[in-house]
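Chains as they are written, first to last, in UniProt numbering: chain A, 1 to 204; chain B, 1 to 204.
Using N, Cα and C, we set each Cβ at its ideal position, and we do this for glycine too.
As the structure is a prediction and not an experimental result, all values here were calculated from the model.
Read the structure below first, then the notes.
Protein chains: 2
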Amino acid sequence: MPSDTDRCAQPQRRSIGARRNPETEAAILTAAQELVEEKGLRGLTMEAVAKRARAGKATLYKWWPSRGALLVALYHASKGEHRHTDLGSLPETIAGFYSYVFGFWQTPAGRLFPLIIAEAQSNEDVADALQDYRQERLADLTALVSRAQARGELVADTDSEALADLIMANAWMHLMTGRIAVTDPAKLAHDVLRGWCLPDGSSA
Amino acid sequence: MPSDTDRCAQPQRRSIGARRNPETEAAILTAAQELVEEKGLRGLTMEAVAKRARAGKATLYKWWPSRGALLVALYHASKGEHRHTDLGSLPETIAGFYSYVFGFWQTPAGRLFPLIIAEAQSNEDVADALQDYRQERLADLTALVSRAQARGELVADTDSEALADLIMANAWMHLMTGRIAVTDPAKLAHDVLRGWCLPDGSSA
Numbered sequence: 001m002p003s004d005t006d007r008c009a010q011p012q013r014r015s016i017g018a019r020r021n022p023e024t025e026a027a028i029l030t031a032a033q034e035l036v037e038e039k040g041l042r043g044l045t046m047e048a049v050a051k052r053a054r055a056g057k058a059t060l061y062k063w064w065p066s067r068g069a070l071l072v073a074l075y076h077a078s079k080g081e082h083r084h085t086d087l088g089s090l091p092e093t094i095a096g097f098y099s100y101v102f103g104f105w106q107t108p109a110g111r112l113f114p115l116i117i118a119e120a121q122s123n124e125d126v127a128d129a130l131q132d133y134r135q136e137r138l139a140d141l142t143a144l145v146s147r148a149q150a151r152g153e154l155v156a157d158t159d160s161e162a163l164a165d166l167i168m169a170n171a172w173m174h175l176m177t178g179r180i181a182v183t184d185p186a187k188l189a190h191d192v193l194r195g196w197c198l199p200d201g202s203s204a
Numbered sequence: 001m002p003s004d005t006d007r008c009a010q011p012q013r014r015s016i017g018a019r020r021n022p023e024t025e026a027a028i029l030t031a032a033q034e035l036v037e038e039k040g041l042r043g044l045t046m047e048a049v050a051k052r053a054r055a056g057k058a059t060l061y062k063w064w065p066s067r068g069a070l071l072v073a074l075y076h077a078s079k080g081e082h083r084h085t086d087l088g089s090l091p092e093t094i095a096g097f098y099s100y101v102f103g104f105w106q107t108p109a110g111r112l113f114p115l116i117i118a119e120a121q122s123n124e125d126v127a128d129a130l131q132d133y134r135q136e137r138l139a140d141l142t143a144l145v146s147r148a149q150a151r152g153e154l155v156a157d158t159d160s161e162a163l164a165d166l167i168m169a170n171a172w173m174h175l176m177t178g179r180i181a182v183t184d185p186a187k188l189a190h191d192v193l194r195g196w197c198l199p200d201g202s203s204a
């Protein structure tokens with residue numbers, strides 16, 4: 001029996017151990033999404049989610065060790081396992097990246113992201129979960145930069161992770177300062193990469 | 001007579017018209033600072049500030065049209081009219097800029113800034129006030145970049161405002177992701193400027 005103390009009239013969903021039950025996971029994420037839509041970010045508590053999803057709090061905590069982890073998982077689930085496409089040239093690839101994230105951040109699910117960043121400023125659990133998520137996305141972006149570097153597109157001794165971090169910082173800055181709807185992704189990619197990309201025909 | 005409805009037993013400070021009375025302004029900012037320290041950001045309401053400073057709400061609203069404007073003014077007042085120093089080379093100047101802001105953001109007054117950015121994500125008044133503040137700081141930073149450009153330090157056709165925006169984005173990103181205490185300002189300046197600065201001795 002789950003050790004949680006929050007019992008409601010309806011039968012609880014049963015955990016099937018360490019492996020996640022996809023049906024329960026989906027029910028939990030749906031409940032979390034509904035709570036955020038209805039009550040805002042602060043309406044998302046582990047207790048309220050467990051109750052609405054008819055799941056045990058122990059199950060919730062086993063899969064997501066904190067409210068912050070659940071919040072970031074919710075954002076991640078709605079965004080999907082998107083991998084940014086290598087378009088063969090770094091300015092085009094990064095323009096595509098900015099175009100994709102700016103578009104997603106304007107959807108109802110995407111509007112969660114600046115609120116997660118905001119929450120991370122005063123909640124350590126959220127900050128930790130956001131940190132993990134950022135590292136994962138940074139690795140994806142760094143791989144794209146490294147491939148452009150291997151093609152000879154970038155100036156010598158470019159630190160691909162530092163450049164990926166800068167590309168991401170530029171995206172977050174535009175999000176946090178309300179500029180994603182009015183910024184041209186191609187111009188932004190040009191601005192961040194202006195100094196790094198070698199002219200066509202030259203090599204690193 | 002001020003038209004506010006919030007009257008308390010003690011005599012109110014009198015406004016002396018459109019010009020700010022420095023004593024009243026200081027009393028208001030002190031009251032605002034104390035409220036934030038005691039009750040957190042949400043404890044800062046125009047009503048609570050007026051009451052504690054024994055000032056009329058009309059006076060507050062005349063000088064700061066919104067709670068957001070007051071919040072940013074409070075941060076600005078504690079930071080002072082700091083202008084970043086041109087150290088004669090852009091990488092050194094920007095290393096100095098990162099070093100200064102990362103240091104300030106770790107002081108009690110500086111810790112207000114990420115909370116203001118967070119608050120701006122769900123409060124339009126705060127977002128507007130932050131936008132004005134950012135534009136002002138961006139102009140200061142752009143001037144430093146332009147001077148380096150005039151000295152021939154940067155690659156041809158550098159958009160000095162876009163580069164200043166990127167330099168600032170990098171600082172904010174490190175702040176919002178909890179990295180300001182562990183980041184080397186000189187390395188960060190190098191990373192953001194790597195592609196832009198011409199080697200010594202060449203010219204744009």
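* Asked: Any heavy atom of the ligand HEM closer than 7 Å to the Cβ of A:D125?
  -> No copy of the ligand HEM occurs in the structure displayed, which carries no ligand at all.
* Asked: A:G178 CB to nearest chain B CB: under 8 Å?
  -> The residue you call residue 178 of chain A lines up with position 178 of the first sequence. A:G178 counts as touching chain B.
* Asked: Listing by chain order, which chain A residues have their CB less than 8 Å from the CB of B:M173?
  -> Within the second sequence, numbered from 1, the residue matching residue 173 of chain B stands at position 173. Chain A residues near B:M173: D165, M168, A169, W172, M173.
* Asked: Are A:I180 and B:M176 touching if we call contact CB-CB under 8 Å?
  -> Start at 1 with the first residue of the first sequence, and residue 180 of chain A comes out as number 180. Start at 1 with the first residue of the second sequence, and residue 176 of chain B comes out as number 176. It is not a contact, given that the beta carbons lie outside the stated cut-off.
* Answer with yes or no whether the minimum CB distance from residue 213 of chain A to chain B is below 8 Å. => Summary: the structure shown does not reach residue 213 of chain A, with chain A confined to residues 1 through 204, and so no result is reported for it.
* Within the same chain, show all residues whose beta-carbon is closer than 8 Å to that of A:L130, passing over the 5 residues directly before and after it, in chain order. => Here residue 130 of chain A corresponds to residue number 130 of the first sequence, with the count starting at 1. So the list reads G68, V72, I116, I117, A120, once near-sequence residues are dropped.
* Taking Cβ positions only, does A:S3 come closer than 8 Å to chain B? -> Along the first sequence, one-based indexing puts residue 3 of chain A at 3. Unreliable positioning characterises A:S3 in this predicted model, as indicated by a pLDDT of 43, which lies under 50. A coordinate reading is not provided.
* Asked: Are there 16 or more other CB atoms within 10 angstroms of the CB of A:P2, so buried, or fewer, so exposed?
  -> Position 2 of the first sequence holds residue 2 of chain A. Low local confidence applies: a pLDDT of 43 at A:P2 is under 50, so the model's placement there is unreliable, and no value is given.
* **8 Å contact criterion, which A:R52 and A:E34 should meet: CB distance rounded** => Looking up residue 52 of chain A in the first sequence gives position 52. Looking up residue 34 of chain A in the first sequence gives position 34. The Cβ separation is near 7 Å, so the contact holds.
* Asked: Taking Cβ to Cβ, would you say A:H84 is nearer than 8 Å to A:G96?
  -> If you number the first sequence from 1, residue 84 of chain A lands on position 84. If you number the first sequence from 1, residue 96 of chain A lands on position 96. A distance below 8 Å separates the beta carbons of A:H84 and A:G96.
* Would you mind telling me which residues of chain B sit closer than 9 Å to A:I117, beta carbon to beta carbon, in chain order? => Sequence index remark: in the first sequence, residue 117 of chain A carries index 117 (1-based). Neighbours of A:I117 on chain B, chain order: I117, A118, Q121, M176, T177.
* To do: Could you check what DSSP says for B:L44 in three-state terms: helix, strand or coil?
  => Residue numbering aside, residue 44 of chain B sits at position 44 when the second sequence is read from its first letter. B:L44 falls in the coil class under three-state DSSP.
* **A:L87 in three-state terms, based on DSSP** => Your numbering for residue 87 of chain A matches position 87 in the first sequence. Note: A:L87 maps to coil in three-state DSSP.
* For the alpha helix (DSSP H) that B:T177 lies in, which residues bound it at each end? -> The residue labelled residue 177 of chain B in the question sits at position 177 within the second sequence. Premise fails: B:T177 is in no alpha helix (DSSP H) and is neither H nor E.
* With a threshold of 16 other CB atoms inside 10 Å of the CB of A:Q106, please say whether the residue is buried or exposed. => The count along the first sequence starts at 1 and reaches residue 106 of chain A at position 106. So A:Q106 counts as exposed.
* To do: Go to B:W105, then tell me how far its alpha helix (DSSP H) extends in each direction, as first and last residue.
  => Your numbering for residue 105 of chain B matches position 105 in the second sequence. B:W105 -> no alpha helix (DSSP H), and no H or E assigned at all.
* Quick one: which residues of the region 131-161 of chain A get their C-beta closer than 9 Å to a C-beta of chain B? List them in chain order. => Q131, R134, L154, V155, D157, T158, D159
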